[in-house]
Structure formats: structure tokens, C-alpha cells
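Heads up, the thing below is written out as C-alpha cells.
There are 2 protein chains.
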Amino acid sequence: MFYVIGLGLGDPKDITVKGLEIVKRCERVYLESYTSIMTCGHEKLEEFYGRPLILADRELVESGADDILHNAHSVEVAFLVVGDPFGATTHTDLLIRAKEKNIPYQVIHNASIMNAIGCCGLQLYHFGETVSIPYWDANWQPDSFFDKIIANLEHGLHTLCLLDIRVKEPTLASLTSKKREYEPPRFMSCSTACDQLSQLIHKRRLSGEAKHHLFNDRNVVIGLARVGHESQEIKACTLKEMKQSDLGDPLHSLIIPAEMHPMEVEFLQQFCDEDLKELQKKARRDELTSIFKLETTLDSTSNSNN
Amino acid sequence: MFYVIGLGLGDPKDITVKGLEIVKRCERVYLESYTSIMTCGHEKLEEFYGRPLILADRELVESGADDILHNAHSVEVAFLVVGDPFGATTHTDLLIRAKEKNIPYQVIHNASIMNAIGCCGLQLYHFGETVSIPYWDANWQPDSFFDKIIANLEHGLHTLCLLDIRVKEPTLASLTSKKREYEPPRFMSCSTACDQLSQLIHKRRLSGEAKHHLFNDRNVVIGLARVGHESQEIKACTLKEMKQSDLGDPLHSLIIPAEMHPMEVEFLQQFCDEDLKELQKKARRDELTSIFKLETTLDSTSNSNN
Numbered sequence: 001m002f003y004v005i006g007l008g009l010g011d012p013k014d015i016t017v018k019g020l021e022i023v024k025r026c027e028r029v030y031l032e033s034y035t036s037i038m039t040c041g042h043e044k045l046e047e048f049y050g051r052p053l054i055l056a057d058r059e060l061v062e063s064g065a066d067d068i069l070h071n072a073h074s075v076e077v078a079f080l081v082v083g084d085p086f087g088a089t090t091h092t093d094l095l096i097r098a099k100e101k102n103i104p105y106q107v108i109h110n111a112s113i114m115n116a117i118g119c120c121g122l123q124l125y126h127f128g129e130t131v132s133i134p135y136w137d138a139n140w141q142p143d144s145f146f147d148k149i150i151a152n153l154e155h156g157l158h159t160l161c162l163l164d165i166r167v168k169e170p171t172l173a174s175l176t177s178k179k180r181e182y183e184p185p186r187f188m189s190c191s192t193a194c195d196q197l198s199q200l201i202h203k204r205r206l207s208g209e210a211k212h213h214l215f216n217d218r219n220v221v222i223g224l225a226r227v228g229h230e231s232q233e234i235k236a237c238t239l240k241e242m243k244q245s246d247l248g249d250p251l252h253s254l255i256i257p258a259e260m261h262p263m264e265v266e267f268l269q270q271f272c273d274e275d276l277k278e279l280q281k282k283a284r285r286d287e288l289t290s291i292f293k294l295e296t297t298l299d300s301t302s303n304s305n306n
Numbered sequence: 001m002f003y004v005i006g007l008g009l010g011d012p013k014d015i016t017v018k019g020l021e022i023v024k025r026c027e028r029v030y031l032e033s034y035t036s037i038m039t040c041g042h043e044k045l046e047e048f049y050g051r052p053l054i055l056a057d058r059e060l061v062e063s064g065a066d067d068i069l070h071n072a073h074s075v076e077v078a079f080l081v082v083g084d085p086f087g088a089t090t091h092t093d094l095l096i097r098a099k100e101k102n103i104p105y106q107v108i109h110n111a112s113i114m115n116a117i118g119c120c121g122l123q124l125y126h127f128g129e130t131v132s133i134p135y136w137d138a139n140w141q142p143d144s145f146f147d148k149i150i151a152n153l154e155h156g157l158h159t160l161c162l163l164d165i166r167v168k169e170p171t172l173a174s175l176t177s178k179k180r181e182y183e184p185p186r187f188m189s190c191s192t193a194c195d196q197l198s199q200l201i202h203k204r205r206l207s208g209e210a211k212h213h214l215f216n217d218r219n220v221v222i223g224l225a226r227v228g229h230e231s232q233e234i235k236a237c238t239l240k241e242m243k244q245s246d247l248g249d250p251l252h253s254l255i256i257p258a259e260m261h262p263m264e265v266e267f268l269q270q271f272c273d274e275d276l277k278e279l280q281k282k283a284r285r286d287e288l289t290s291i292f293k294l295e296t297t298l299d300s301t302s303n304s305n306n
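First to last, the sequence lines map onto chains A and B.
Residues in the first sequence are numbered from 1 upward in steps of one, following full-length UniProt numbering.
Residues in the second sequence are numbered from 1 upward in steps of one, following full-length UniProt numbering.
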């Protein structure tokens, strides 16, 4: 039997009772170690489970599926994943491979950031498409997430932004050498995410895009750090302020809320230093000013066309 | 301290190790018993925890918050919720009340249907807004969920449909009498949901709505029953076929997938009796025929207007 077991949000005790029983009795237990992080470190997990774990990095999971699934017809093998097992595509790939080999499999679900973000008070069914914000570099600054955020805002839906995680990325230099070397791990902060968003807002404004008024530096955003941990931090403030905020250690997630229900505002207020309703009003005033400016621009353009 | 603890998908052992430790040591433990169900029954939970539980029905949660939070300043009180604590608005309300009373609270997250549906192979970040499909009766047939499904389809996003649960609903007769009596619990099946959807498709077609071609009886839908349980069942078929399908005991959830990624199709194929790609092609052919018919209609209308 092949088990894929969700570990939840990162504390060793976040595993379910069912999951723990299976981990204790399996012949081999792999710990997926590249799409997310165990904030506690794998040694603490080994200690808590009272057994050794095999660290599974990207190379092992993507090209060593046969090794992982080896003899799982006859013995029990578990593959541990931070969050819920279906957070990353690579794990469905492992299950497809198990299916092809006629190895029975079972999935043990757990919390993931996709549902745990409910802790800020926004209702999960008011969320639209989730986006990922990748790190930019000098040559690569993808921005498709921006259009998805705008599309969600247009439909009155909140957006969860998953922030980039770079773990075990080979250094550029080592790509051409024989000895593979790795960059230190990087986890995007809410501050960096908001900085990239802010750059896009201004770029779009300059290019005269019609819908930018829905989203500007005054919009309320919600930063969440270390969700589910004792040191969890949630902060609601303007995008402008979040650029300057430090929510501490990873992992961070960011939410761009659309119009909020009064009950959502009431709950979220505990994470906001200012009056949240006032903040929203200000953002809306900016929005109206933007629309006005835009219409003026469009008017003058159409006049000059006459 | 006030704890809100997610129980996950319904088996007693789906609670996390952290959650179980808290349950064992709390002075009072409430079990929320109306927005969802413990498929196993609360007696099994009491046996597994080795302690009594207080059943909290809608009346207690909505008007007895003070009783639930009583002396939680000085003793530990837990409130157990099937799935994740933030699945239902009522529970954020309890936390707001705790905050008002300066009672510290902690949330223990767990899997919920909102993330566990990943088990069918569709990627969670390809989902749009989640909808709820309520039971219809002779006088009340709300259909706003239909427009949301269409909006998701237009944006290439899958839709999770949460199906109605009626637990402890007072009988119509007892509303005016002193003795409150309750209807037997009802849980909507995928079959009923698809029947209602199918009625809406035909109603919208008759009313000549432009976007109905995105969604017809030939669309592939995915039915999920008892997710996370040993008897879990997943079935992918046409909406038409799902109307006739019996996925057994509750709880059921339904997914209306948009265009699927090849990897999603590959994984989902294991739950489909026919060739999934062929089914999708057929649905698309229907769609094109519908567009053609629609355009013909529009043409003839505009001609008659000339």
C-alpha cells in the first residue's frame, strides 16, 4: 500500500491520528522537501515519529518515482507532504504512477493554506481563482497574476496569493559544471509581493489600462505569516503600508480582498491598527478619483479624435 | 482558553494529534452538530476521546454563545467542528464573541471539503468561486449558483458545488406550536443537484440566454461522495448520466469542471467509465452546435428587425 499523508501547517503535532499510526508502521517513509517547508525541521519530525525519514527532493520525486514506489505492492510505504497531499501537481503524478503499477493507494488529508486562510475571517466561498506570485529578476517579470486579481475584484471575489518558495534551486554557475550547487532557500515576504504588485499598478496606470482603478496603493490587503503556528501573525493594512511591513519568518501569504461582508470586516478588524471601514472608504474615494481622471483622459482623447 | 478544533473529514482518527491532546484535557467540549455531520455518530467520538461531548445545535450556537464561552477565561473549553473551523460563518461569530469578552482563543485547523476535493485530480488553484446548491421546493427555487457556475466556466475555472444539508429543521407545523418538532435530516445527492442544474439549463435555453452553450447536459461533471472515508466514491460522467447515478450515503459534493489540463484528465480518467477526452469532445461539439443555433436565431432576429 502507498500512502500520501498531509502534515498540515508545519507543527509535528498537526498530523492526524490516522496519519501518525500509518507513519509509525510503514517500512519506508519519505518526506517531500521542496514544494513547501516544515518550519520545524525534519529532525523534530523524526524525533516525534520515533523513526527515520527519507528526504525527497525535486530530483528524487520527479525522476525517482520507481524507487519511491519500489515493492509497495507488498509493504507499506508513506510519502509525507506539508499541507494537504493535493497541493502540488507532482504528487498527483506519483499517484498516477502508483495506479499504473496497480499499487493500491490511500490519501490522508489535512489542512492546507488553501483552507486555513479562513482564519483571517474572510469566507472561503468568497474567494476567486488563487494566484501565485513569483520572484522577479532583471530578465523575467511575469505578471499574469495581476490580471487574475483584477478579474476576481471585478466579480467581487477575494484573491489568495501564494508567494514564491525557492528551495534547492541550482546556482546558475553550477548548471554548467559537474558539481551541482544550490542557492540558499528564499521565501517571498508579503512586503516583496506588495512591492511587485505596486510596480505593476503604476506600470498599468502609465499604460492607461482601464481597470486599474479597482486596485491601487490604498487598497486594503491582508498579510498572513506562519498560519496555524503559535507565532502566527495576521495584518490588514493598505498595500502601501504592507510594502514597509515585516511579518517576520516565513511562510507568508497575501490576500487581496474584494468588497467585504460586514461580518468579514468585523472579524478582520482585530488584525488592523486603523478603522478598517475608513480605510476601505478612502480606497474607494481613490478609485472614484481614478475613474474621474480616466474619463477626463478618455474624453480629451475622443475630443482630439473629432 | 477557548479552542475551536477542526475534526477533518469525519472519521474519529481524522483529528490532529494536537487537537486530540486539547480535547482530552478540556473542561467542556462542544460538538457542533448542524452545519455538517459526523458520519460516524457522536457516540464513536466520545468513545475514541474517552470523554463526554455536549451536542451544540443551531439554537445553542446562535443564542447560547455566552453559555459556551462561560468561564473560558479560567478553564479550557473546546468547540469541535467537522472539517475546518472556518467553514461556516457561525463559528467566526463565536470567535468575535470570545474576542469581545477578552477570552484568548486558538484555532486548530484540519482538512475540509474545500481542499480535500483535490483528491479527484483537479488542481485547487484552477477553481473559481464555490457555490451552494440549495434544495428547491414548490415556492422557492433560487438559481444564483447557476450564473456563478457560468461565470467560472467563462474564465476557465472549475466550480465546487456544496450540496444542501438540512439538519434539525423545524417542521412547518411546529413553527406555530409550542412543541418544536424537526424534519428528518436530508442531504442533497449529486443526482438531485444535477437534476436541478438540468432544469435550469433547459429553462435558460428556452429563455434564449446567450451563454447557455457553455453548459449543457453533455458536460462532464464529477460527483464525490464521502471524501476521505474508506467508502469514498468519485465518479466522472456527463451531467445527464449523473442525474441517474447513485453514489450512496452522504455527504456528496459536485464539481463542474471547466477546460481541464491534460494532467487533470489523466488523473480523473480512473474515475470515469468512458474515454474522458471523447466525452469532453462530444460536449464541445454540442456547444458548437448550440452556438450555431444561437447565431442563426440572432441572425433571423436581426433580419426581422431590418
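Ideal placement from N, C-alpha and C gives every residue a C-beta, glycine not left out.
{"Asked": "The beta strand (DSSP E) enclosing B/Val29, as first and last residue numbers", "Found": "28–32"}
{"Asked": "Among B/Gln199, B/Ala138, B/Lys99, B/Thr130, the one whose alpha carbon lies nearest that of residue 307 of chain B", "Found": "Only positions 1 to 306 of chain B appear in this structure, which leaves residue 307 of chain B out of reach."}
{"Asked": "Bounding residues of the alpha helix (DSSP H) (the contiguous stretch that carries residue 308 of chain B)", "Found": "The question about residue 308 of chain B has no answer, for chain B in this structure spans 1 to 306."}
{"Asked": "Rounded separation between B/Thr297 and A/His126 - CA only", "Found": "Interpretation of B/Thr297 is limited by its pLDDT of 47, a score under 50 that renders its predicted location unreliable; no figure is taken from the coordinates."}
{"Asked": "CB contact below 9 Å: B/Thr16 versus chain A", "Found": "yes"}
{"Asked": "Whole-angstrom distance between B/Asn139 and B/Glu151, CA atom to CA atom", "Found": "The sequence as given places Ala at residue 151 of chain B; Glu does not occur at that position. Using only the alpha carbons, I get a separation of about 26 Å."}
{"Asked": "Below-9 Å beta-carbon distance, B/Cys119 vs any chain A residue", "Found": "yes"}
{"Asked": "Terminal residues of the beta strand (DSSP E) in which A/Ser253 lies", "Found": "252–256"}
{"Asked": "CB contact flag (B/Leu95, B/Ile5, <9 Å)", "Found": "no"}
{"Asked": "For A/Thr159: DSSP bridge partner residues", "Found": "A/Ile256"}
{"Asked": "DSSP-derived helix/strand/coil call for B/Asp299", "Found": "At B/Asp299 the pLDDT is 48, less than 50, meaning the model places this residue with poor confidence and gives no usable figure here."}
{"Asked": "Cβ contact (3+ pairs, closer than 8 Å) linking the region 133–147 of chain B and the region 191–204 of chain B", "Found": "yes"}
{"Asked": "Supposed close pair B/Leu157, B/Gly128 - CB separation, criterion 8 Å", "Found": "3 Å"}
{"Asked": "Contact list for B/His252 against chain A, beta-carbon separation under 8 Å", "Found": "Simply none; closest approach about 17 Å."}
{"Asked": "Euclidean distance between Cα positions of B/Thr301 and B/Arg285", "Found": "Residue placement at B/Thr301 cannot be trusted, given a pLDDT of 45 that sits under 50; what the coordinates show is reported in the next sentence. Going by the C-alpha atoms only, they are around 24 Å apart."}
{"Asked": "Nearest-angstrom Cα separation, counted from B/Asn102 out to B/Phe215", "Found": "50 Å"}
{"Asked": "Reference A/Phe86; option with closest CA among B/Asn110, B/Thr176, B/Cys120", "Found": "B/Cys120"}
{"Asked": "Within 9 Å, strictly: CB atoms of residue 307 of chain B and B/Thr159", "Found": "What is shown of chain B runs 1 to 306, which leaves residue 307 of chain B out entirely."}
{"Asked": "Within 9 Å, strictly: CB atoms of A/Val75 and A/Ile68", "Found": "no"}
{"Asked": "A/His126 at chain B interface by Cβ criterion, 9 Å", "Found": "yes"}
{"Asked": "Beta carbon proximity, B/Glu76 to chain A, threshold 9 Å", "Found": "no"}
{"Asked": "Supposed close pair B/Met242, B/Gly223 - CB separation, criterion 8 Å", "Found": "6 Å"}
{"Asked": "Chain B contact for A/Ile222 (CB, 9 Å cutoff)", "Found": "no"}
{"Asked": "B/Asp273, buried or exposed, once every other Cβ within 10 Å from all chains shown has been counted against 16", "Found": "exposed"}
{"Asked": "7 Å Cβ cut-off: residues of chain B touching A/Asp11", "Found": "Lys18"}
{"Asked": "Cβ-Cβ distance between B/His109 and A/Asn115 below 9 Å", "Found": "yes"}
{"Asked": "Cut-off 6 Å between Cβ atoms - residues of its own chain near B/Val61, not counting five sequence neighbours on either side", "Found": "Thr90"}
{"Asked": "Burial state of B/Glu27 (16 or more Cβ within 10 Å)", "Found": "exposed"}
{"Asked": "Contact set between the region 256–285 of chain A and chain B, restricted to residues whose Cβ is under 7 Å from the partner", "Found": "Met263, Glu266, Phe267, Gln270"}
{"Asked": "A/Val107: contacting residues in chain B (beta-carbon distance under 7 Å)", "Found": "Cys119"}
{"Asked": "Per-residue burial, B/Glu278 [other beta carbons within 10 Å of its own, 16 or more giving buried]", "Found": "exposed"}
{"Asked": "Outcome for B/Phe2 when other beta-carbon atoms lying within 10 angstroms are tallied against a minimum of 16", "Found": "buried"}
{"Asked": "Where the beta strand (DSSP E) containing B/Cys237 begins and where it ends", "Found": "233–238"}
{"Asked": "C-beta atoms of B/Glu259 and A/Lys13 nearer than 9 Å", "Found": "no"}
{"Asked": "Cβ distance (whole Å) where A/Lys235 is taken to contact A/Phe271 below 8 Å", "Found": "6 Å"}
{"Asked": "Chain-ordered chain B contacts of A/Leu157 [CB-CB under 9 Å]", "Found": "Gly128, Glu129"}
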